[in-house]
Amino acid sequence: MKILIQKFGGTSVSTEEKRKMVVKKVLKAREDGYSPVLVVSAMGRKGEPYATDTLLSMIDSEFKKENPLSSDLLMSCGEIITTVIVSNQLQNVGLTATPLTGGQAGIITDNQFTNAELVRVDTKNLLNLLSENKIPVIAGFQGKTEDGYVTTLGRGGSDVTASIIGVALEAEAIEIYTDVDGIMTADPRIVKNASLIDEISYNEVFQFADQGAKVIHPRAVEIAMKANIPLIIKNTMTESLGTVISNDETDNHLNIITGITHLSNRTQINVLKDNNNISGFLNLLNVLADAKISIDLITVLPNQKMFTICKEDFDKLNDLLKLNQISYTSIDNCSKIAIIGSRMQGIPGVMAKIINTLNKENIEVLQTADSNATIWCLVNSLDTEKAIIALHKEFKL
Ligand code: ADP
Ligand code: MG
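Numbering (our numbering), first residue to last: 9 to 405.
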């Protein structure tokens, strides 16, 4: 049996017209000889009746914080509703589908409610359905604990469900259907003429996803990569071939840069060595690690330490540094722009070109860092779009 996972995101199932396209994609998979297994998200975005954020807005944030088990049960409802509606539409064209919660599909997690980790997949139910020629339609973003409580897998978790199920069923491929033609050289909402990337390696796309491009969840990439199952990002509404993510990236890329993405809501922290509290300065990174404050763009100099944190961690950091009598300055509302390309390694002048481009646009670069496949530039959030558009043009993406 050739199994194909087809995951449909929130915007792909939000209207009758779009759900008709979903049915078309399933029919096509059948025609091509595949046994499709569907994973679906909740319908629409915040404000629409069954979107996850809408459901969440119906309970108090205090209650939500104190009762993660309850908020997971509420958050799981949107996807469950979609499974039944999509199954109905598949039946209308003569296909037999069975809607399933994540738990019924065999996804067993630990009990970290709202951000649960996979423990194992019990494929018995799914294999039974497939052997009866039925199409499983699985609620994304959820699982259950060993003792049956509903859990969710964290934001963007339906992509993770697709990869988990794809690996468990040894699928031929995992198709992720969304509202864009595939992975683009930049977020098409920012760069109107961004181009489609036909093929990309797991590693590069992981950088994209991890650095803010929400088109695919980084964990979904990791999971598929370990089992070497191709991930294909496609548009529900078009016939576009999409972006194929696999290990065998061909060498036909003309450009050393693959694409640009960004993470907003960063705060830059700057600590100068204080001769009255040398141990505080020396221990700074340990203190942050013990408090589980995640930092990045880390620059360590003999008399200065600089790094960025997520805006949400600022109060915690402020309390901690006060307690340790460490003084600091900060710049909030920063964005970390990531320029990604595994072919830039060893090629001189890329950083210079980036800095020159940003200088020409009068964009102040607050900090930079680089690895073998990515260059990061920290800029004021107000400059984000201008910076991405200028870099996209300069590198002829
Ligand atoms: P879904 O509901 O289908 O999961 P998402 O909103 O999670 O959809 O992801 C699709 C969105 O990702 C697109 O609408 C697009 O604006 C955004 N996006 C960000 N960066 C990129 C990129 N480099 N390529 C394609 N889409 C991107
Ligand atoms: Mg998504």
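Glycine included, each C-beta is placed from N, C-alpha and C at the ideal position.
- Looking only at G357, N284, Q353, the smallest Cα-Cα distance to I334 is reached by N284.
- Beta-bridge pairing by DSSP links Y185 to F16, K242.
- Annotation for P144: the continuous beta strand (DSSP E) segment containing it runs 143-147.
- The three-state reading of DSSP puts L305 in strand, counting E and B together.
- DSSP places H270 within a strand segment (E or B) once states are collapsed to three.
- Distances from the alpha-carbon of T246 to those of L325, K32, T91, M83 put K32 closest.
- Straight-line spacing of the CA atoms in P44 and T251 works out to 19 Å.
- Look at K222: its beta carbon is less than 8 Å from one of the heavy atoms in ligand 1.
- A residue is called buried when at least 16 other Cβ atoms come within 10 angstroms of its Cβ; F71 does not meet this threshold and is exposed.
- Rounded to the nearest angstrom, the gap between the Cα atoms of H270 and V373 is 14 Å.
- Nearest to A113 by C-alpha distance, out of F121, V129, N100, G102, is V129.
- 9 Å or more divides the Cβ of A59 from the Cβ of M66.
- Taking a cut-off of 8 Å on C-beta distances, the segment 156-167 touches the segment 76-83, as three or more cross pairs fall below it.
- Proximity of the segment 291-303 to the segment 316-331 meets the contact definition, three or more beta-carbon pairs being nearer than 8 Å.
- Here S272 has S343, S389, T392 as same chain residues with Cβ atoms under 7 Å from its own Cβ, once five neighbours each way along the sequence are excluded.
- Rounded to whole angstroms, the separation of the alpha carbons of Q97 and K28 is 8 Å.
- Annotation for T376: the continuous beta strand (DSSP E) segment containing it runs 375-378.
- Of the candidates V223, A395, T109, Y210, V223 places its Cα closest to the Cα of D195.
- Looking from the CA of D187, the closest CA among H400, G18, K394 belongs to G18.
- With a threshold of 8 Å, the Cβ atom of G18 counts as near ligand 1, since some heavy atom of the ligand is closer than that.
- For R38, the enclosing alpha helix (DSSP H) has its first and last residue at 24-39.
- Burial state of E140 is exposed, judged by a 10 Å Cβ sphere holding fewer than 16 other Cβ atoms.
- By the neighbour-count criterion, in which a residue is buried when 16 or more other Cβ atoms sit within 10 angstroms of its Cβ, M9 is exposed.
- Per DSSP, A381 is not a residue of any alpha helix (DSSP H), being assigned neither H nor E.
- With respect to the 9 Å criterion, V168 and V94 are not classified as neighbours on the basis of their beta carbons.
- A check of alpha carbon separations from K26 across T244, A37, V92 identifies T244 as the nearest.
- T365: member of the alpha helix (DSSP H) spanning 358-368, first to last residue.
- Ligand 1 never approaches V45 closely enough for any of its heavy atoms to be under 8 Å from the residue's Cβ.
- Nearest in C-alpha terms to E207, of all of S254, N380, I11, G102, is S254.
- By DSSP's assignment, K152 forms a beta bridge with I116, V158.
- In this structure, L239 lies away from I172, with their beta-carbon atoms at least 9 Å apart.
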